[in-house]
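Peer 1: Position in the sequence shown (from 1) plus 3 gives the number in the numbering used here.
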Amino acid sequence: MDARRNEFYNALFTVSDSKGTLVRLTPDRAISADALFDELFATGKAVLLNGDGAKKLYNIFSNKCAQEGRNFTYKLAPEHLIYQNAATVALLGEKSMSEGNKLAPAMLSPVYLRESGAERTKKSNEIGVNEK
């Protein structure tokens, strides 16, 4: 996902078998486009970009490849698969339940990788007030 300020929320996964099972390689994180490019280039593996920042990353990667002469295989997910959607979440939930994994809805919560702008402003103001 596009996290703004030239950072992208992401995690890396690899496909482990013929069923398309995904294995997590990194935790959820916010990372710069340059750092992500370097990390993906170093793997030497083909990359599928998806999420709301995928098109922006694709353009950044294309420019970096042209400017730096470093290339690796990367492509955009098909348009109908590029964005997260409720139907996919429901299918993943169904799969998880069929495998015996049950989680109470109250246990589900979003993952925040950094403070919001409002939280940063509030902290700055509090620090300024406390220093007086």
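A virtual CB, placed ideally from N, CA and C, is assigned to each residue, including glycine.
Using the beta-carbon count (16 or more within 10 Å), is Phe-16 buried or exposed?
Peer 2: It counts as exposed.
Peer 1: List the DSSP bridge partners of Thr-17.
Peer 2: Partner(s): Val-26.
Peer 1: Checking 8 Å against the spacing of the C-beta atoms, do Leu-52 and Leu-25 come in under that value?
Peer 2: Going by C-beta atoms, Leu-52 is not nearer than 8 Å to Leu-25.
Peer 1: So who's on the other strand from Leu-52, going by DSSP bridges?
Peer 2: Leu-79, per the DSSP bridge assignment.
Peer 1: Do Ala-49 and Thr-76 have their C-beta atoms within less than 8 Å of each other?
Peer 2: Taking 8 Å as the Cβ cut-off, Ala-49 and Thr-76 qualify as a contacting pair.
Peer 1: State whether the stretch 55-74 contacts the stretch 92-100, with contact taken as three or more CB pairs (one from each stretch) at a distance under 8 Å.
Peer 2: No, the stretch 55-74 does not touch the stretch 92-100.
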